[in-house]
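Below: one structure, written as structure tokens.
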């Protein structure tokens, strides 16, 4: 029975990262863990170039539309939500590619952790946290991809008519209109081609956002699993019947080394996430404000497709911001708890020199670990509350202006 469990645990790291891989491999943003062949590297470069060009073809003309097109403020306001979504996704895509080596190192770090921790009970604790991380990643993917695709397709399936020289034409409206002097998307087949490109670009930016949020959840839950194992080891250090000083010092060295290993993993995670967290925090605040405005404006006409897509996207934005804030909160609290655990153990039962070594753990735990947004804001549940309040304030200002 123990052997079968050992075999199951060998693939659990791949299992916890499976959803990340599903969404990042198609856009070339999944880090190559093993040395890739020349053919794979070329194919990956083509993937990245294609995805980047697809997003640029939609985003750049839309920025020009908002900046220079002679349209009303309300018309441009209706475009800002989709444009912000693509800008946020582009930043996430850039971070995923730029930090590919660091992400690879974190994944490798997780694999080694599964090799270091040998006891079945400890691995069960790690597995529980891995399942939680995967579950959060799945919810993020369902909300973000579902809302983005429904919003894009719901708009594209409708048609509008316009008249030029007494001739009537029909076109499919775009969520990200292009600057007419650069690309005229009103006429077929340009209209249909740009719609296809728009749907694909929505998939790319949504996958990037899902990937970043999922990595935050999976990495954080893995770190929490490691800290839970560390709590067990700290308790056993004192409760162990073997009071021989050499054995205690050996176990204490393992605890200190593993504690530092966890902290280095969290520090690397912060270096990967802080830019994306800042973009997500700022962008989601504005987007939630805009989605609330769109919902109010469209409620009187009650376009079911639009209203449902707005609700899903709003929940998705809330969920993503909550995940980043929850991750920051739980890691800070769990790291502080290590010092509290060391302080509250029956340290007086240890040999004098060994007990003094616990000061190292307590001192290191007092140096508070923080996951930040752009090195500016500490991510916590309080920060999530501030984001929600700020988005409501912006919504009230927007309603007053329009």
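In our numbering, the protein residues as written are 20 to 421. Idealized CB from N, CA, C, for every residue including glycine. Keep in mind the model is a prediction, meaning the values are calculated, not measured.
Residue state for residue 136 is assigned as coil, using DSSP reduced to three classes.
Shown here for residue 101: same chain residues with a beta carbon closer than 7 Å to its own, the five before and five after excluded, namely 194 and 195 in chain order. Selection 192, 201 and 247 evaluated against residue 360 yields 247 as nearest (Cα-Cα). Here residue 206 is exposed: its Cβ has fewer than 16 other Cβ atoms, across all protein chains shown, within 10 Å.
Residue state for residue 183 is assigned as strand, using DSSP reduced to three classes.
Taking residue 123 as reference, the option from 222, 399, 287 and 413 with the minimal CA-CA separation is 287. Contact check for residue 67 against residue 47 passes: the beta carbons are separated by less than 8 Å. Taking 8 Å as the cut-off, the beta carbon of residue 115 is found closer than this to the beta carbon of residue 227.
Using a Cβ-Cβ distance cut-off of 8 Å, the stretch 382-390 and the stretch 406-421 are not in contact, since fewer than three pairs of beta carbons, one from each stretch, lie closer than that value. In this structure the stretch 288-305 does not lie against the stretch 263-277, because fewer than three pairs of beta carbons, one per stretch, are closer than 8 Å.
Burial is judged here by how many other beta carbons sit within 10 angstroms of a residue's own beta carbon; residue 160 has at least 16 and is buried. If you check the CB distance, residue 249 and residue 281 come in under 8 Å. Approximately 5 Å separates the beta-carbon atoms of residue 298 and residue 107; this is inside 8 Å, confirming the contact. As far as DSSP is concerned, residue 314 takes part in no beta bridge. A Cβ-Cβ separation of about 22 Å leaves residue 332 out of contact with residue 92 under the 8 Å criterion. Separation of the CB atoms of residue 300 and residue 229 is rounded to 17 Å, and the pair is thereby denied contact status at 8 Å. Within the DSSP bridge table, the entry for residue 392 names 396 as partners.
For residue 197, there is no enclosing alpha helix (DSSP H), as DSSP marks it with neither H nor E.
The bridge partners DSSP lists for residue 113 come to none. Straight through space, the alpha carbons of residue 62 and residue 400 are spaced by roughly 42 Å. Using a Cβ-Cβ distance cut-off of 8 Å, the stretch 211-221 and the stretch 171-190 are in contact, since at least three pairs of beta carbons, one from each stretch, lie closer than that value. In the three-state reduction of the DSSP assignment, residue 190 falls in the strand class, which pools E and B.
A distance of 8 Å or more separates the beta carbons of residue 313 and residue 224.
The stretch 128-146 and the stretch 323-332 do not touch, with fewer than 3 CB-CB distances between them shorter than 8 Å.
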